[in-house]
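S.K.:
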Amino acid sequence: MADSFDAIVIGGGPGGYNAAIRLGQLGLSAACVDKRGAFGGTCLNVGCIPSKALLHASERFHEAHNDFAKLGIKAKIELDLPAMMAQKTKVVSELTKGVEFLFKKNKVEGIVGEGRILAPGKVEVKTPDGKVRSLTAKHIIIATGSDIAPLPGVTIDEKQIVSSTGALSLTSVPKKLLVVGAGVIGLELGSVWKRLGSEVHVVEFLDRVTPGIDLEVAKAFQRILTKQGMTFQLSTKVTGVEKTKTGLAVTVEAAAGGSKSTIEADVMLVCIGRRPYTDNLGLDGVGVQLDKRGRVITDKHYRSNVMGIYAVGDCREGPMLAHKAEDEAVACAELIAGKAGHVNYDAIPSVIYTFPEVAVVGKSEEDLKAEGVAYKVGKFPFTANARAKTIMATDGFVKILADAKTDKVLGCAIIGPEAGNLLAEVVLAMEFGASSEDIARTCHSHPTLSEAVRQASMGVEGWTMQM
Ligand code: FAD
Ligand code: NAD
Numbered sequence: 001m002a003d004s005f006d007a008i009v010i011g012g013g014p015g016g017y018n019a020a021i022r023l024g025q026l027g028l029s030a031a032c033v034d035k036r037g038a039f040g041g042t043c044l045n046v047g048c049i050p051s052k053a054l055l056h057a058s059e060r061f062h063e064a065h066n067d068f069a070k071l072g073i074k075a076k077i078e079l080d081l082p083a084m085m086a087q088k089t090k091v092v093s094e095l096t097k098g099v100e101f102l103f104k105k106n107k108v109e110g111i112v113g114e115g116r117i118l119a120p121g122k123v124e125v126k127t128p129d130g131k132v133r134s135l136t137a138k139h140i141i142i143a144t145g146s147d148i149a150p151l152p153g154v155t156i157d158e159k160q161i162v163s164s165t166g167a168l169s170l171t172s173v174p175k176k177l178l179v180v181g182a183g184v185i186g187l188e189l190g191s192v193w194k195r196l197g198s199e200v201h202v203v204e205f206l207d208r209v210t211p212g213i214d215l216e217v218a219k220a221f222q223r224i225l226t227k228q229g230m231t232f233q234l235s236t237k238v239t240g241v242e243k244t245k246t247g248l249a250v251t252v253e254a255a256a257g258g259s260k261s262t263i264e265a266d267v268m269l270v271c272i273g274r275r276p277y278t279d280n281l282g283l284d285g286v287g288v289q290l291d292k293r294g295r296v297i298t299d300k301h302y303r304s305n306v307m308g309i310y311a312v313g314d315c316r317e318g319p320m321l322a323h324k325a326e327d328e329a330v331a332c333a334e335l336i337a338g339k340a341g342h343v344n345y346d347a348i349p350s351v352i353y354t355f356p357e358v359a360v361v362g363k364s365e366e367d368l369k370a371e372g373v374a375y376k377v378g379k380f381p382f383t384a385n386a387r388a389k390t391i392m393a394t395d396g397f398v399k400i401l402a403d404a405k406t407d408k409v410l411g412c413a414i415i416g417p418e419a420g421n422l423l424a425e426v427v428l429a430m431e432f433g434a435s436s437e438d439i440a441r442t443c444h445s446h447p448t449l450s451e452a453v454r455q456a457s458m459g460v461e462g463w464t465m466q467m
């Protein structure tokens, strides 16, 4: 085993493993160090993948209960939670093993252990057997990701008071689940447990759900989730929680302050954001600069202020998304290899995998108003889309925003069935600098949900035909 590499990547999530694989593809020797024991980072182990497995399973359960009869299918449905969890675990394990396979294929050395930067070019790894390995490399990429943001005064035990990690592994369906934070995790995992039978109440600090998402879409989203039975308490903060004989007593008060009240719950999910994770990495010692939020400061080429040390993914600025981490990883590896790596931050999609899904890219109407950009809007509801009718999924709409003068697509927000997949064509259009007319004049198969994207694009110039 060599201890000298062209590059050492610390962190084996989408930022880390993709950087190492791309370096390997480009002929550089790379090691990827992760302390978790299974590669894939937050995303594969306790994030994107297990949550999507449970979202899929719980959606089928809900569908079987609520929609099968309407389709003329009679079935007796019963929940087998341990089997559902086992399926989730199987998917996670197959995918994390897949990363090991890709490492071998691309001659990357995957090292299990905690990495610490001793000096530029020098990394020490503490392996689980208590040994220490000293590695050297010309380049070090920090890809240590993020961790749960704590709620002051609240201790997470991952059983009654859980983070997303605990909420992905509950052993029984809580009667009442209190979700703190109406962001992506709260609404995805809240949906999982709602569908499996919990009463779900969401407490949110702001006066709206999903900050950052187009407001019209966020309002429609909250209405739909309310129709599904979730309850919301906006402009409210949790100030404390006590364990009682019967469960939890959670104290809340208005965000602006005021009288307190108590909410009873069996389980409380804390999901108020994530913080960059750069603890115990030795950054102080080598002088790597962090911003106020603890993120590694880098230039456009992912270089920190210390020569030979780079950062990608959740531990640097930008949205905390797996595909953003992956794109940065590829660009950073290519730049190290002397190629022209680049990420277009104007075309990074973001998807919430609830039912219906919410998917956005580029600017929202609020962004464009704030920036004083003149824009046109095209909209199309799924109630008027033939395929949506056949699959009984007509909630939601597509909204396309284009520059008023040039017609260039500036943003898109979709709430509806398969919104995440539907958004991909708009992301590609934006990547190519396309106009709304380009989408409108592209032939779309019938009957597909994608026709709603086309009809919304036609709407920008006022010629939506199917409404
Ligand atoms: P991470 O995936 O966090 O990986 C960092 C790794 O570094 C970790 O494995 C950690 O153990 C390791 N590490 C840290 N310090 C050290 C050290 N000193 N030595 C060795 N190893 C170290 N994003 C999406 O795009 N789509 C989704 O559907 C989605 N769903 C999510 C659901 C949940 C519940 C959560 C929590 C997150 C979700 N995300 C999703 C966000 C996504 O998981 C992150 O954006 C992504 O994992 C970031 O990748 P990363 O490589 O930067 O960091
Ligand atoms: P988030 O930022 O999406 O939402 C946190 C919510 O908590 C916000 O609405 C915020 O206003 C609210 N909040 C903050 N402090 C509060 C308080 N004291 N009381 C009540 N509400 C409070 O964060 P998250 O849902 O924890 O997710 C973390 C990150 O993980 C996000 O950046 C997201 O991008 C990523 N993620 C992505 C996906 C996906 O892409 N599908 C899924 C899960 C997580």
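The sequence shown begins at 1 in the numbering used here and counts up one residue at a time.
From the three backbone atoms N, C-alpha and C, an ideal C-beta is built for every residue, glycine too.
1) Return the chain-ordered list of same chain residues with a C-beta closer than 6 angstroms to the C-beta of G420, the five sequence neighbours on each side being excluded.
2) According to DSSP, M268 sits in a beta bridge with which residue or residues?
3) Would you mind working out which of S435, I400, D367, G338 sits nearest R22, comparing C-alpha positions?
4) I need the DSSP call for T442, collapsed to helix, strand or coil.
5) Return yes when the C-beta of N280 is under 7 angstroms from any heavy atom of the ligand FAD, and no when it is not.
6) For A265 versus G247, is the C-beta distance shorter than 8 angstroms?
7) To the nearest angstrom, how far is it from the Cα of M268 to the Cα of T236?
8) So for V397, helix, strand or coil by DSSP?
9) Kindly examine the ligand NAD and report whether one of its heavy atoms sits closer than 7 angstroms to the Cβ of S58.
10) Looking at chain C, is there any beta carbon in it that lies within less than 8 angstroms of the beta carbon of G47?
11) For L102, I'd like the list of residues in its chain whose CB is within less than 6 angstroms of its CB, leaving aside the five on either flank, ordered along the chain.
12) On the DSSP bridge assignment, give the partners of Y310 in chain order.
13) Give the DSSP-derived three-state secondary structure of E100 in the structure shown.
14) Measure how close the beta-carbons of I533 and V252 come, nearest whole angstrom, since I'm counting them as under 8 angstroms.
15) How do the region 23-30 and the region 44-57 stand: do at least 3 beta-carbon pairs fall below 8 angstroms, yes or no?
16) Once the 5 residues before and after N45 are set aside, which same chain residues still bring their CB inside 8 angstroms of it?
17) If contacts are defined as beta-carbon pairs under 8 angstroms, then E365 and D214 qualify, I think. What distance do you get, rounded to the angstrom?
18) Please indicate yes or no: does the CB of T354 lie closer than 7 angstroms to some heavy atom of the ligand FAD?
19) Given a cut-off of 8 angstroms on the beta-carbon distance, is the pair V398 and G416 in contact?
20) Between A322 and C48, how many whole angstroms is the CB-CB distance? I'm expecting something under 8 angstroms.
21) Keeping to the same chain, check which residues put their C-beta closer than 6 angstroms to that of H65; ignore five residues upstream and five downstream.
22) Tell me the DSSP bridge mates of V201?
23) Going by DSSP, which residues form a beta bridge with L54?
24) Whole angstroms is fine: what's the gap from K70's alpha carbon to A388's?
25) Let me check you understand the geometry: is the CB of R469 closer than 7 angstroms to at least one non-hydrogen atom of the ligand NAD?
26) Report the rounded CA-to-CA distance for I336 versus K138, giving the unit in angstroms.
27) For S259, write down the residues that DSSP places opposite it in a beta bridge.
28) In the region 321-383, which residue ranges form an unbroken beta strand (DSSP E) of at least 3 residues, counting only runs that do not cross its ends?
29) Go ahead and label V132 buried or exposed: buried means 16 or more other beta carbons lie within 10 angstroms of its beta carbon, across all protein chains shown.
30) Beta carbon of S235: closer than 7 angstroms to some heavy atom of the ligand GTP?
31) Determine which residues share a DSSP beta bridge with L170 and list them.
32) Identify every residue that forms a DSSP beta bridge with A31.
33) Quick one: using the 10 Å Cβ neighbour count with 16 as the cut-off for buried, is D395 buried or exposed?
34) Looking at the ligand NAD, does it come within less than 7 angstroms of F205, judged from the CB to the closest heavy atom?
35) Nearest-angstrom Cα distance between F193 and H62?
36) From P447 to E437, what distance separates their C-alpha atoms?
M.R.: Taking the definition as stated:
1) V351, E357, A359
2) I161, L178
3) G338
4) coil
5) yes
6) yes
7) Their Cα atoms are separated by approximately 15 angstroms.
8) For the record, residue 397 in the displayed sequence is Phe; it is not Val. In this structure, F397 counts as strand in the three-state DSSP scheme.
9) no
10) Given the protein chain composition of this structure (a single chain), no chain C is represented.
11) I21
12) Beta bridge pairing from DSSP links Y310 with I141, R303.
13) DSSP places E100 in helix when its eight states are reduced to three.
14) With the chain running from 1 to 467 in the structure shown, residue 533 is simply not present.
15) no
16) R36, A38, V92, T96
17) 6 angstroms
18) No - the ligand FAD has no heavy atom lying nearer than 7 angstroms to the Cβ of T354.
19) Taking the C-beta atoms as reference points, G416 is found nearer than 8 angstroms to V398.
20) Contact holds; Cβ gap of about 5 angstroms.
21) I77
22) According to the sequence as given, residue 201 is His; it is not Val. According to DSSP, which records beta bridges pairwise, H201 is partnered with L178, T231.
23) For L54, which the question treats as bridged, DSSP gives no partner whatsoever.
24) 15 angstroms
25) Since the first and last residues shown for the chain are 1 and 467, residue 469 lies out of range.
26) 10 angstroms
27) For S259, which the question treats as bridged, DSSP gives no partner whatsoever.
28) 350-352, 357-362, 375-381
29) exposed
30) The ligand GTP is not part of the structure shown, which contains the ligand FAD and the ligand NAD as its ligands.
31) In the DSSP output, where bridge partners are listed per residue, L170 has none listed.
32) I8, E109
33) buried
34) Answer for F205: yes, Cβ within range of the ligand NAD.
35) Before going further, note that residue 193 is Trp rather than Phe in the sequence given. Their backbone Cα atoms lie some 11 angstroms apart in a straight line.
36) Going from the Cα of P447 to the Cα of E437 covers about 21 angstroms.
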